Structure formats: C-alpha cells, structure tokens
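Colleague: Pasting a structure here, questions to come.
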Amino acid sequence: MWHLHGVRVKQWLAETRAEELDPTQITKIDNAEVRREFVRKVGIDRIVYKLGAKTIEERGNYQLLRMEIAGRPWTYLKMLNPSIGAWHIEGVPNEIATVSEALNFRNGLTPDMIDDENGADWFQQGDVILKPRGAKNFKRQPIVLT
Amino acid sequence: MKKDLPKTAKKLAGNHLAEGEATGHFHAAVGTDVTVFDLGDGVLVLDAPEGATVEHQEHGPITLPPGLYDRHIVKEYDHAAEEARNVQD
Chain A
1 MWHLHGVRVK QWLAETRAEE LDPTQITKID NAEVRREFVR KVGIDRIVYK
51 LGAKTIEERG NYQLLRMEIA GRPWTYLKML NPSIGAWHIE GVPNEIATVS
101 EALNFRNGLT PDMIDDENGA DWFQQGDVIL KPRGAKNFKR QPIVLT
Chain B
147 MKKDLPKTAK KLAGNHLAEG EATGHFHAAV GTDVTVFDLG DGVLVLDAPE
197 GATVEHQEHG PITLPPGLYD RHIVKEYDHA AEEARNVQD
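Same order as they appear, the protein sequences are chains A and B. Count the first sequence with our numbering and you get residues 1 to 146, in order. Count the second sequence with our numbering and you get residues 147 to 235, in order.
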C-alpha cells in the first residue's frame, strides 16, 4: 500500500514525480483526502492555472473558481484547511455565484434557514457538522470550526 | 432510548461520528453518558447529556454543550456524475 501524509493513495500518485502528474487528473479523484494529497503534491497554483480556472469571488481563505472541462463549466470552492494548512478544492453546483452561497451549499443551509441573530449555534470539525436537533434556523457560520 | 428519537434508532457500540476510508482517522465523541444513535439512511444523532468533546487525529477538538445533535457531512458537487453528495474522505 502507498501513503502520502498518512492518506492511502494509489501507486501512481505516490510514485509519479510531481512535475509529471497531469493536474487535470484531479477531476477524476472522488475521495476528498486523496484529492487533498494530489493538490499538496502537484500544487494548487499549477492546478488552477492548468485548468484555466477563473476566480469568481475571493473571500479570506476561500476562492470560488470556475473552469471549463469537456465543454462544460465546472465550479469549485478552493479553501484552506485550518488544521493542517493544506488547500482543498471541492465541487459546488454551477448555479452558485458567491463564496457565501458555496459555503451554504457545503453546510446544508438554505437562505430561509439562516438567522444570524436568533439562529442556533452549530459546530464543524473537518467534514463533520453538528447541529442542535430540532433547530430550524441556524447562524450562517459555525461557532467553532477546526 | 431517548424519548426524542424514533424507536428504530440503534445505539452504536462506539462513539464514532465519521470515519475516513483513506486515512483510518475518525471523529469520536467523548464525555459522560455520551451515545451515538443510528437512525438509518446515514443519519446519526449524538446524545451528550452532560456535553461532549469531539476529537479527531488531525483536527482540533470541539467542546459541545449538553444536548442532542444531528450529525451531518459536508456536501460537494460531483461535476462528472452531475450530482451532490456527501464529501468522502
């Protein structure tokens, strides 16, 4: 078995030199942790450049990117993992036009559920979200994110 | 069984909220009388009557006040399959 930073990956990803990896292969990797290691090895800037991504919006450590692959638009959110300082890119629907909308999609929030004043606090650790059971409205962002 | 949960809810043996296939890492709830229930179809509920700490090998811990929590997984859109799905790690 082959590993990169403790993540089990295929032999080709572990053994191919970074400069020989085709950045467009990222679109074929389903597992988010493996995708993260691909990004870490190839380099986020090289991937974004090679895929011809255009920045739709940038906010803090988030960038909403749109690129064209196989004649279709593919929209991604580029973000920094705050725990390990590694970059992720994850797909979001093409209708999304802002970083805020992309985060709402990721977090399972629709505009009618968001109430920054009286909504419930919620928590996020990596890809796991914990919301108080029974609550209907939530703050826009987690009160704790690690 | 918690009265707020359906009778079909199953108490899980461990207190893992999610496990990573590629890393073997897991999100685990720790605390007095902490229980994780499986409601089926991937729905998990964390019962933390006295609060809990959620731990993970890579991420910082989270401290939860007492309560019942629905566990969700962050979503992503798979452009190749043209469908939304839970993030897989």
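For glycine and all other residues, C-beta sits at the position ideal for the given N, C-alpha and C. Every value quoted in this text rests on a predicted model; they were computed, and no experiment measured them.
With DSSP as the reference, label residue 87 of chain A as helix, strand or coil.
Modeller: Within the first sequence, the letter at position 87 stands for residue 87 of chain A. In this structure, residue 87 of chain A counts as strand in the three-state DSSP scheme.
Colleague: Applying a beta-carbon distance threshold of less than 8 angstroms, which residues of chain B neighbour residue 34 of chain A?
Modeller: Reading the first sequence from its first residue, position 34 is the one you call residue 34 of chain A. Correct list: 168.
Colleague: What separation, rounded to the nearest whole angstrom, lies between the Cα atoms of residue 71 of chain A and residue 30 of chain A?
Modeller: To locate residue 71 of chain A, count along the first sequence from 1; it is residue 71. To locate residue 30 of chain A, count along the first sequence from 1; it is residue 30. Roughly 21 angstroms separates the two Cα atoms.
Colleague: Does the beta-carbon of residue 69 of chain A have 16 or more other beta-carbons within 10 angstroms, so that it is buried, or is it exposed?
Modeller: As a position in the first sequence, residue 69 of chain A is number 69, starting the count at 1. Classification for residue 69 of chain A: exposed.
Colleague: Check the C-beta distance from residue 191 of chain B over to residue 215 of chain B and give it rounded, since I have them as a contact under 8 angstroms.
Modeller: Reading the second sequence from its first residue, position 45 is the one you call residue 191 of chain B. Reading the second sequence from its first residue, position 69 is the one you call residue 215 of chain B. About 7 angstroms separates the two Cβ atoms, so the contact holds.
Colleague: Helix, strand or coil for residue 154 of chain A, going by three-state DSSP, please let me know.
Modeller: The shown model of chain A, from 1 to 146, leaves out residue 154 of chain A, and the question about it has no answer.
Colleague: What residues of chain B sit near residue 105 of chain A, judged by a beta carbon separation below 9 angstroms?
Modeller: Here residue 105 of chain A is taken as the residue at index 105 of the first sequence, counted from 1. Neighbours of residue 105 of chain A on chain B, chain order: 221, 222, 223 and 230.
Colleague: How long is the line joining the alpha carbons of residue 38 of chain A and residue 25 of chain A, rounded to whole angstroms?
Modeller: Taking the first sequence and counting its residues from 1, the one referred to as residue 38 of chain A is at position 38. Taking the first sequence and counting its residues from 1, the one referred to as residue 25 of chain A is at position 25. Going from the Cα of residue 38 of chain A to the Cα of residue 25 of chain A covers about 9 angstroms.
Colleague: How far does the beta strand (DSSP E) with residue 12 of chain A in it reach, from first residue to last?
Modeller: Against the first sequence, residue 12 of chain A aligns to sequence position 12. Element bounds for residue 12 of chain A: not the beta strand (DSSP E) but the alpha helix (DSSP H), 11 to 15.
Colleague: Touch check for the region 201 to 221 of chain B and the region 106 to 116 of chain A: three-plus C-beta pairs under 8 angstroms?
Modeller: Result yes; three or more Cβ-Cβ pairs closer than 8 angstroms.
Colleague: With 8 angstroms set as the bound, which would you pick, yes or no: does the beta-carbon of residue 184 of chain B sit closer than that to a beta-carbon of chain A?
Modeller: Residue mapping note: residue 184 of chain B aligns to position 38 of the second sequence, counting from 1. Answer no: the Cβ-Cβ gap between residue 184 of chain B and chain A never drops below 8 angstroms.
Colleague: What residue range is occupied by the uninterrupted beta strand (DSSP E) comprising residue 229 of chain B?
Modeller: Numbered from its first residue, the second sequence carries residue 229 of chain B at position 83. Where residue 229 of chain B is concerned, the enclosing beta strand (DSSP E) stretches over 229 to 232.
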